[in-house]
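Contents: one structure, followed by commentary.
Residue numbers (the numbering used here): 3 to 262.
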């Protein structure tokens with residue numbers, strides 16, 4: 003895994019794509035935002051669906067022709083208790099031959115029992131990640147910026163323990179201005195520096211999910227969002243681990259549905 007850790011350190015914008023999208027529109031938006039990596043959602047069992055495999059293969063070929071990488075995105079909070087499901091998905095992705103990397107989005111902190119059985123959920127997260135990593139593809143992981151507040155059973159900071167297993171992380175630092183984003187991402191990016199893995203800074207352009215409006219660029223123009231990405235790319239150079247901005251998500255970008 004060590005050979006994979008720094009392979010993507012040239013800063014590039016990443017884009018979450020949660021649902022099937024018109025490929026021409028998707029790749030047009032990717033070009034507008036200078037996206038270098040698409041995170042494409044694929045559920046366990048996707049490879050048994052012939053139509054889905056045809057769609058993904060066509061999208062992959064079109065993306066590669068434009069110099070865009072395509073990573074497999076999936077995850078469910080139940081995976082912390084069912085790591086075999088996560089490992090099975092990872093193995094299926096590898097067999098498909100369509101993706102270079104895995105991108106895991108598992109957020110046990112969103113569960114109602116996080117406050118009561120948090121230590122068990124965090125231990126399960128580490129076990130799940132270890133099983134996915136064992137499949138053999140590089141694994142990137144989404145984490146909130148505040149995971150350093152928790153320790154593992156061995157006394158390690160939770161965010162650092164995850165980073166030691168992953169090939170890369172995306173730090174969900176959801177704020178609606180570059181200075182605030184960089185501020186709350188500092189601890190995690192500094193930890194990634196020390197461990198030696200690439201780290202993307204995640205921003206939200208969609209719904210806040212009940213969080214304050216200050217956690218999303220929702221309602222901003224595409225021009226403003228792109229200018230903020232440029233500011234983040236400039237500010238991110240203070241960390242050797244900085245690998246670019248991750249935008250959450252395609253369907254919420256202004257150009258996804260209309261011209262800016």
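We put the CB at the ideal spot given by N, CA and C, even for glycine.
- When rounded, the separation of the alpha-carbon atoms in residue 41 and residue 33 is 15 Å.
- Contact annotation: residue 123 and residue 140 have beta-carbon atoms that are not nearer than 8 Å.
- With contacts defined by Cβ atoms closer than 8 Å, residue 70 and residue 37 form a contacting pair.
- Non-local beta-carbon contacts of residue 119 in its own chain, meaning distances under 8 Å to residues more than five positions away in sequence, are absent.
- For the set 237, 179, 131 and 182, the Cα lying nearest the Cα of residue 170 is the one of 131.
- Taking the Cα of residue 72 as reference, the smallest distance to any Cα among 20, 52, 115 and 128 is reached at 20.
- Using a Cβ distance threshold of 8 Å, residue 258 and residue 202 do not count as a contacting pair.
- Taking C-beta atoms as the reference points, residue 168 and residue 128 fail to come closer than 8 Å.
- Within the segment 198-262, the alpha helix (DSSP H) runs of at least 4 residues that lie entirely inside it are, in chain order, 224-237.
- Counting along the chain, residue 87 sits inside the alpha helix (DSSP H) bounded by residues 85-98.
- Rounded to the nearest angstrom, the Cβ distance from residue 25 to residue 64 is 6 Å, consistent with a contact under 8 Å.
- For residue 66, the enclosing alpha helix (DSSP H) covers residues 52-67.
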